[in-house]
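Asker: Sharing a structure below in structure tokens format, with a few things to ask.
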Amino acid sequence: MSITAGSRPDGTRPPAAVEEPTAAVAAAVVKNRVPGKAGKAGKVPFKIRLRRDRTLILMTLPVMVLLLLFNYVPLLGNVVAFQEYDPYVSSNGVTAIFHSPWVGVEQFSRMIDDPLFWGAAKNTIVLFVLQLVLFFPIPIALALLINSVIRPRVRAVAQAIMYLPHFFSWVLVVTVFQQIFGGAGIIAQTLEDHGWSGFDLMTNAGLFKYLVTAQAVWKDAGWGIIVFLAALAAVSTDLYEAAAMDGAGRWRRMWHVTLPALRPVIALLLVLRVGDALSVGFEQFLLQRDAVGVGASEVLDTYVWNMGIQNGDFSYAAAVGLVKGVIGVCLVLGANKFAHLLGEQGVYKK
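Per the numbering used here, the very first residue in the sequence shown carries number -15; after that it's consecutive.
Okay, structure coming up:
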């Protein structure tokens, strides 16, 4: 039996050796990946990306135009914060900007010396901290509770009931609380009918911060539940089964499986909430302003409305709003950096 060169004793040929690609082959692959250019590996030219994504760009173009017109173009009006703006110095408010005198940082110096501004800022910070401590964990707890319900119909009904107040206006929310906790509300009248003294929680300035926090929880906790339930739906059931096989009970599965799955969403919402720290609400406080007084209900948003719309001091109101916006941006960047240090993505990646 003759054996040919390169063959095995049984007559079969060994598999051919896999050769390492040479530098010329690698360069050719990169060149073919980027048509017309050698460029960087994986770098697609702008013209190709534009032609590839033209459908998505056309879909988002109306949104971008609306965002530009209503969110970014009005930012140019912040120039009045450095002026003594008078809307009646010209035929319309836009051209009046070019005829109003410049005063530099005088409006900001006035803001620093204004005790009413610091009172509004103090109320805003206190309400933000209170709502962050009392309001933020409630949607997480309710989402975990609803997720533990086995029957889908019961879960859907509970979710719909909790989400319904999110569609109510603040006028309706305040009215509901007035009918329950007001001096002529159900609870006060029931106590008086049984010989007890009634109360009026809606006019108690000392408890106002807890009242508005309870209103925010009742109105917006359902929206947070939807977000956290969506995150829980993405958790693989294999993780729960593996944890159960290892002997983990309900609480340990929640601690080691559920909560780590919610960490990215919690970090994202926390960053957004911190960035919105100076905007605790406007309509909610304006509706209850007369009931508890300015000292308890004045926040930065109502302060800007009162100075700009009520008193016509547009330049000073613009200065306060500009400072509020700059601080909000700094808070978002700081909170997002902190999220990165904890290993989370936050609002955007590094």
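Yeah, the Cβ is synthetic: ideal placement off N, Cα and C, and Gly gets one too.
Between which residues of its own chain and Ala275 is the CB-CB distance below 6 Å, once the five residues before and five after are set aside?
Answerer: Met186, Thr187
Asker: Distance, Cα to Cα, Ser74 vs Phe151?
Answerer: 42 Å
Asker: Taking the alpha carbon of Val89 as the reference point, which residue from Val64, Val110, Asp70, Ile81 has its own alpha carbon closest?
Answerer: Taking each of Val64, Val110, Asp70, Ile81 in turn and checking the Cα distance to Val89, the smallest one comes out for Val64.
Asker: Roughly how many angstroms lie between the CA atoms of Ala251 and Pro99, to the nearest whole one?
Answerer: 35 Å
Asker: Can you find the residues in the same chain that come closer than 6 Å, C-beta to C-beta, to Ala205, ignoring five residues on each side of it along the sequence?
Answerer: Ile122, Pro123
Asker: What does the Cβ neighbour count give for Thr108, buried or exposed, with the cut at 16 atoms within 10 Å?
Answerer: buried
Asker: Can you give me the C-alpha to C-alpha distance between Leu262 and Arg137, rounded to a whole angstrom?
Answerer: 39 Å
Asker: If I measure Cβ to Cβ from Phe112 and keep anything under 6 Å in the same chain, skipping five residues before and after, which residues do I get?
Answerer: Ala261, Val264
Asker: When DSSP labels each residue in this structure, what does Trp207 get in the three-state scheme?
Answerer: helix
Asker: Run through DSSP, which three-state label would Trp402 get?
Answerer: One cannot answer for residue 402 here, as it falls past the ends of the chain, which runs -15 to 334.
Asker: Go to Gly158, then tell me how far its alpha helix (DSSP H) extends in each direction, as first and last residue.
Answerer: In the sequence as presented, Gly is not what sits at residue 158; that position holds Val. Residues 154 to 165.
Asker: Determine the contact status of Val201 and Phe322, defining contact as a CB-CB distance below 8 Å.
Answerer: Cβ distance not < 8 Å, so Val201 and Phe322 don't count as in contact.
Asker: Return the chain-ordered ranges of every alpha helix (DSSP H) run that is complete within the segment 98 to 182 and spans a minimum of 4 residues.
Answerer: Entirely contained in the segment 98 to 182, the alpha helix (DSSP H) runs reaching 4 residues are, in chain order, 99 to 118, 121 to 131, 136 to 147, 154 to 165, 170 to 177.
Asker: From Val316 to Leu256, what distance separates their C-alpha atoms?
Answerer: 7 Å
Asker: What does DSSP give as the partner residues of Gln67 in its beta bridges?
Answerer: Paired residue(s): Trp86.
Asker: Can you tell which of Glu68, Val258, Lys106, Leu114 has its C-alpha closest to the C-alpha of Arg94?
Answerer: The shortest Cα separation from Arg94 among Glu68, Val258, Lys106, Leu114 belongs to Glu68.
Asker: If distances are taken between C-alpha atoms only, which option among Trp180, Val141, Thr174, Val196 comes closest to Trp154?
Answerer: Considering only alpha carbons, the answer is Val196.
Asker: Spatial neighbours of His83 within its chain, please: CB distance less than 6 Å, with the 5 preceding and 5 following residues excluded, ordered by chain position.
Answerer: Val73, Ser74
Asker: What is the DSSP secondary structure of Asn335, counted as helix, strand or coil?
Answerer: There is simply no residue 335 to check, as the chain begins at -15 and stops at 334 in what is shown.
Asker: Spatial neighbours of Leu114 within its chain, please: CB distance less than 6 Å, with the 5 preceding and 5 following residues excluded, ordered by chain position.
Answerer: Lys193, Thr197
Asker: CB-CB under 8 Å to Lys333, same chain, minus the five flanking residues each way: which ones, in chain order?
Answerer: none
Asker: Closest to Ala125 by C-alpha separation, out of Gly231, Leu246, Phe161, would be which residue?
Answerer: Leu246
Asker: Return the chain-ordered list of same chain residues with a C-beta closer than 6 Å to the C-beta of Gln91, the five sequence neighbours on each side being excluded.
Answerer: Ala65, Ser299, Tyr300, Ala303
Asker: Drop a sphere of 10 angstroms on the beta-carbon of Ile209, count the other beta-carbons inside from all chains shown, and report buried for 16 or more, exposed for fewer.
Answerer: buried
Asker: Ends of the alpha helix (DSSP H) at Ser299?
Answerer: 298 to 325
Asker: One question on the structure: do His240 and Ala226 come within less than 8 Å of each other, judged by their Cβ atoms?
Answerer: no
Asker: Nearest-angstrom Cα distance between Trp235 and Ala218?
Answerer: 19 Å
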